[in-house]
Amino acid sequence: MIDSHAHYDDKKFDPDRDEVLRECVSQGVTHIVNAGSTIENSRISVELARKHPFIYAAVGVHPHEVSQCDNNTIDVLRELARESKVVAIGEIGLDYHYDFSPRDVQREWLSKQINLARELKLPVIIHNRESHKDILDILRNEKASDIGGVFHCFSGSVEMAREVMNLGFKIGIGGPVTFKNAHKPIDVVRYTPLDMLLTETDCPYLAPEPYRGKRNWSGLIKIILEKISEIKGIDYYMVEEATAKNAIDLFGM
Ligand code: NI
Numbered sequence: 002m003i004d005s006h007a008h009y010d011d012k013k014f015d016p017d018r019d020e021v022l023r024e025c026v027s028q029g030v031t032h033i034v035n036a037g038s039t040i041e042n043s044r045i046s047v048e049l050a051r052k053h054p055f056i057y058a059a060v061g062v063h064p065h066e067v068s069q070c071d072n073n074t075i076d077v078l079r080e081l082a083r084e085s086k087v088v089a090i091g092e093i094g095l096d097y098h099y100d101f102s103p104r105d106v107q108r109e110w111l112s113k114q115i116n117l118a119r120e121l122k123l124p125v126i127i128h129n130r131e132s133h134k135d136i137l138d139i140l141r142n143e144k145a146s147d148i149g150g151v152f153h154c155f156s157g158s159v160e161m162a163r164e165v166m167n168l169g170f171k172i173g174i175g176g177p178v179t180f181k182n183a184h185k186p187i188d189v190v191r192y193t194p195l196d197m198l199l200t201e202t203d204c205p206y207l208a209p210e211p212y213r214g215k216r217n218w219s220g221l222i223k224i225i226l227e228k229i230s231e232i233k234g235i236d237y238y239m240v241e242e243a244t245a246k247n248a249i250d251l252f253g254m
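So the sequence shown is residues 2 to 254, counted in the numbering used here.
Structural data, given as structure tokens:
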């Protein structure tokens with residue numbers, strides 16, 4: 002099982018991080034991509050990857066945090082990305098739901114970080130909330146299809162999924178597909194070919210049912226795999242194998 006998007010740097014794991022990570026391995030988790038959200042968290046992400054053989058890091062600044070970026074940000078990210086276990090730039094994107102950073106600043110730093118990813122030939126991990134049109138425009142303008150990546154915790158419609166895949170991006174599926182009234186994510190899973198899907202937790206957030214609201218962790222990828230298998234009517238182990246291959250190929254792990 003692969004968790005293509007986790008936040009083990011989060012302080013919710015401070016009391017028992019090593020124990021949780023050991024339990025992930027014993028539950029059959031083979032790879033975890035720990036996503037950065039600030040410069041500081043990106044640094045911790047790299048440290049976690051150094052310490053644990055099964056953890057890989059993404060470095061980047063989340064749209065919520067881009068107001069803190071300055072003239073050094075890209076240089077620092079470039080330096081962090083020298084580490085061989087840095088497999089992506091992320092998570093980066095736009096969030097027009099919370100608008101924690103001004104929208105023009107969000108767009109500016111998304112473009113800059115895509116450019117860095119192109120320079121480093123790394124895929125990008127995209128966070129997108131209520132910004133479908135702008136994010137597709139920026140990905141097209143910045144030629145992001147050269148590097149590809151994943152729309153993490155995909156929240157759009159089937160039409161949006163089609164556009165995202167046309168740009169060469171994969172679709173990340175996590176806890177929300179198990180929520181009651183999850184019509185859109187279920188339609189997206191049904192529509193999306195198995196070779197375009199990645200599994201993820203976004204832990205400690207977005208725990209799947211029946212753990213919704215509790216602390217999430219990578220062992221619960223099993224529930225996401227079961228749900229995909231049920232929606233698509235495909236054998237669990239085929240789903241596990243295919244989604245693992247997709248993540249390994251995308252991130253070069
Ligand atoms: Ni995340």
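Don't be surprised by glycine CBs; every beta carbon is placed ideally from N, CA and C.
Asked                                                                                                                                                                                    : Found
Tell me whether H65 is buried or exposed, calling it buried when 16 or more other Cβ atoms sit within 10 Å of its Cβ.                                                                    : buried
Is L203 near ligand 1, judged by its Cβ being under 6 angstroms from some heavy atom?                                                                                                    : In the sequence as presented, Leu is not what sits at residue 203; that position holds Asp. Yes, ligand 1 has a heavy atom inside 6 angstroms of this Cβ.
Counting pairs of beta carbons, one from the stretch 114–122 and one from the stretch 152–166, are three or more of them closer than 8 angstroms?                                        : no
Distance, Cα to Cα, V190 vs I3?                                                                                                                                                          : 17 angstroms
Just to confirm the assignment, what range does the alpha helix (DSSP H) spanning N72 have?                                                                                              : Looking at the DSSP string, N72 is not in any alpha helix (DSSP H), and its letter there is neither H nor E.
Would you call the CB atoms of V60 and L81 closer than 7 angstroms?                                                                                                                      : yes
State the Cα-Cα distance for the pair E272 and I127, rounded to the nearest angstrom.                                                                                                    : Since the displayed the chain opens at 2 and closes at 254, residue 272 lies outside it and no answer follows.
Closer than 6 angstroms: is that where the CB of A58 sits relative to any heavy atom of ligand 1?                                                                                        : no
Distance, Cα to Cα, N129 vs I139?                                                                                                                                                        : 12 angstroms
Quick check on this structure: which residue in R18, F252, T39 has the alpha carbon closest to the alpha carbon of I148?                                                                 : F252
Could you tell me whether the Cβ atoms of Y57 and V34 are closer together than 7 angstroms?                                                                                              : yes
Pick helix, strand or coil for C204, following the three-state DSSP scheme.                                                                                                              : strand
What are the boundary residues of the alpha helix (DSSP H) that S85 is part of?                                                                                                          : Here S85 belongs to no alpha helix (DSSP H), and DSSP marks it neither H nor E.
Going by DSSP, what residues sit across from H128 in a beta bridge?                                                                                                                      : G94
Measuring from the CB of E92, is there a heavy atom of ligand 1 at a distance below 6 angstroms?                                                                                         : yes
In this structure, does DSSP put N257 in helix, strand or coil?                                                                                                                          : Residue 257 falls outside the range modelled here, since the chain spans only 2 to 254, and no answer is possible.
Tell me which same chain residues have a C-beta within less than 6 angstroms of the C-beta of S132, skipping the five on either side of it?                                              : L95, Y97
Is A208 a contact residue of ligand 1, with contact defined as CB to any heavy atom under 6 angstroms?                                                                                   : no
Would you kindly check if the distance between the Cβ of A243 and the Cβ of L207 is under 7 angstroms?                                                                                   : no
Work out the CA separation of E201 and E241 for me, nearest whole Å.                                                                                                                     : 12 angstroms
Note down the Cα distance separating S146 from N247, rounded to an integer number of angstroms.                                                                                          : 16 angstroms
Kindly list the residues whose CB is nearer than 6 angstroms to the CB of S27, restricted to its own chain and excluding five residues on each side of it in sequence; keep chain order. : none
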